[in-house]
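Contents: one structure, followed by commentary.
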Ligand code: SF4
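In my numbering, the protein residues as written are 23 to 490.
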C-alpha cells in the first residue's frame, strides 16, 4: 500500500497540488522540436531542467533524446543568460551542425526576463548562425501551463518562423497534384503520426504533418549513433504550409494556436477538432479530410471502420456500464471519453492538471446525458491525489492514464491501461497507434484483455470458462 496515507475524506484545497496530473512546459516544447528534421532542441536555463526533460522523454521513447542547454550558473541567474545563449549557439553550430536550433525557455530564464528574439538577432548579427540555418524560440515558463501548452507554443513558433505567404508559382505547383492539406497532429506518438499520414495518403491527400516525430523518437536500430535520425518535417516543407488548401488541427489544446496563427499569417482556413481517438472522432476526422480535400473515402478505410464496429458489437457485454477513471492531457481525455461513451462504458472520474479553455464544456459534450453523474476537474488541484480519493470513495472497473497511475491501480486493485505521457514502464505506445479506426481497435483490445484477464483471475473453478 504505497499510497496508504491518502484519506477517503475529500477536503477543499486551493493552493496545494499533490501528485500533479501534468508536467513541465519545456518537455512539450522539446518533444515538438524533435519533430523538425535536423533540429536540436535547446533548453535556455540550468542543466537540471534539461536533464530532467531529456531523461523523461528518453524513458518514454526508449530512444536517446538529444538536447543542449545554456547551462546557467549563479552568474547567469544574476546578470541574465544572453552570453550563455550566444556561446551555446556558436558551439552547437560548430560542433553538432544542426539545421535548426529550437530554443525554449525555463522558469529561471523567464523570471530573469531574457529577451530571446533579441538574443537570436544578436547571434545572427555576430555571425554565430550559419547561412541556411535557423534559430526559433518558444517561451515556456513552467509555473504556468503544462507540457501540453509548451508543445502548443513550440508548434505555433514553427508557423511564426517558417510559414511563408502563398507564392503564386508555388501555389500552381501545389494545386497541380493531389490536394494539399496541413495536418497538425497534436501531442501524439510517432506511431499516431504515421497512422495519420497513412489515412491521408489512402484518401489521396498530400498531407504536410507538423511536427512529425516519426523516424526520430521511434528510430530503428542502425548500429550507428546518429545525432539527427532521418525523420521529421524539413524546413523546406514547413515553408510551404501557406500553400495548403486548409489546415486540420487535431486537439484544440495542442494544435489550435498554430492553426489560427497560420490562418492569420497566410490565409489558410483551419478546422480544429478533437483527436481522432475512437469511432466518432475518427469519423469526423475522415470526413474533414474528405470535405477539405474534395476526395472520396476509400473502401479500405470503410473496411477498417466496419471491423471496429464488429468488435464493438461482439464484445459489448464485457464493456457495458464499466466504470472508468481517467487522468492525463485534455485532448486525449475528451476524445477517450467520447470513445468510452460510444462503447456504452461509464467514464465517472476525469482529471487533468493542464489548464485549458473550454475543457469542462468539451467533457460535458463528450459525456452527453451522463455529464451530471460524472466528476471532472482541471487545473492545479485536479491531481492524482484527488482522483485516488474519488476512487477510494466509490471504486472503478478500470483506470486509464500514464505510468504514475500504477500506484493507485495497485493499492485499489483496479485494472490499469497505460495511456498518455509518460509511459515509463512498458513499450508499444511508440509503435502502435491509438488514433484512427485501427488505433481504436487496439485500445479496445487492450481494455478487453484487462477485463477478461480479471474475469479469469477472479472466476471460481466451476465457472472458469474456456470460451468467452
Ligand atoms: S519546473 Fe521549471 S525549474 Fe523545474 S524543471 Fe521545469 S522548467 Fe526547470
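For each residue, glycine too, the CB sits at the ideal point set by N, CA and C.
Using the rule of at least 16 other Cβ atoms within 10 Å of the residue's Cβ for burial, across every protein chain shown, is residue i buried or exposed?
| i | result |
| --- | --- |
| residue 208 | buried |
| residue 369 | buried |
| residue 95 | exposed |
| residue 338 | exposed |
| residue 413 | buried |
| residue 34 | exposed |
| residue 437 | buried |
| residue 100 | exposed |
| residue 344 | buried |
| residue 163 | buried |
| residue 380 | exposed |
| residue 84 | exposed |
| residue 430 | buried |
| residue 299 | buried |
| residue 326 | buried |
| residue 24 | exposed |
| residue 487 | exposed |
| residue 321 | exposed |
| residue 328 | exposed |
| residue 258 | exposed |
| residue 251 | buried |
| residue 249 | exposed |
| residue 391 | exposed |
| residue 137 | exposed |
Alpha carbon to alpha carbon, how far is residue i from residue j?
| i | j | result |
| --- | --- | --- |
| residue 417 | residue 480 | 17 angstroms |
| residue 333 | residue 301 | 12 angstroms |
| residue 7 | residue 91 | Residue 7 is absent from the model: the chain starts at 23 and stops at 490. |
| residue 160 | residue 87 | 19 angstroms |
| residue 444 | residue 68 | 22 angstroms |
| residue 441 | residue 140 | 40 angstroms |
| residue 72 | residue 226 | 41 angstroms |
| residue 50 | residue 157 | 18 angstroms |
| residue 135 | residue 102 | 8 angstroms |
| residue 186 | residue 287 | 8 angstroms |
| residue 148 | residue 183 | 20 angstroms |
| residue 347 | residue 384 | 17 angstroms |
| residue 170 | residue 354 | 11 angstroms |
| residue 144 | residue 229 | 36 angstroms |
| residue 336 | residue 466 | 12 angstroms |
| residue 399 | residue 351 | 12 angstroms |
| residue 363 | residue 349 | 16 angstroms |
| residue 371 | residue 490 | 29 angstroms |
| residue 254 | residue 57 | 5 angstroms |
| residue 275 | residue 108 | 32 angstroms |
| residue 285 | residue 317 | 22 angstroms |
| residue 424 | residue 201 | 37 angstroms |
| residue 233 | residue 485 | 51 angstroms |
| residue 272 | residue 260 | 18 angstroms |
| residue 323 | residue 48 | 37 angstroms |
| residue 172 | residue 478 | 43 angstroms |
| residue 475 | residue 340 | 12 angstroms |
| residue 76 | residue 435 | 32 angstroms |
| residue 210 | residue 483 | 42 angstroms |
| residue 39 | residue 175 | 24 angstroms |
Looking at the ligand SF4, does it come within less than 6 angstroms of residue i, judged from the CB to the closest heavy atom?
| i | result |
| --- | --- |
| residue 48 | yes |
| residue 74 | yes |
| residue 168 | no |
| residue 110 | no |
| residue 164 | yes |
| residue 71 | yes |
| residue 175 | no |
| residue 95 | no |
| residue 128 | yes |
Hey, residue i and residue j are a contact pair by Cβ (cut 8 angstroms); roughly how many whole angstroms apart?
| i | j | result |
| --- | --- | --- |
| residue 168 | residue 376 | 4 angstroms |
| residue 415 | residue 30 | 6 angstroms |
| residue 458 | residue 217 | 5 angstroms |
| residue 359 | residue 389 | 6 angstroms |
| residue 62 | residue 118 | 6 angstroms |
| residue 293 | residue 310 | 6 angstroms |
| residue 439 | residue 468 | 6 angstroms |
| residue 446 | residue 314 | Going by Cβ atoms, the distance from residue 446 to residue 314 rounds to 37 angstroms, so no, they are not a contact pair. |
| residue 303 | residue 357 | 5 angstroms |
| residue 180 | residue 280 | 7 angstroms |
At least one CB of chain E closer than 7 angstroms to the CB of residue i: is that the case?
| i | result |
| --- | --- |
| residue 59 | Given the protein chain composition of this structure (a single chain), no chain E is represented. |
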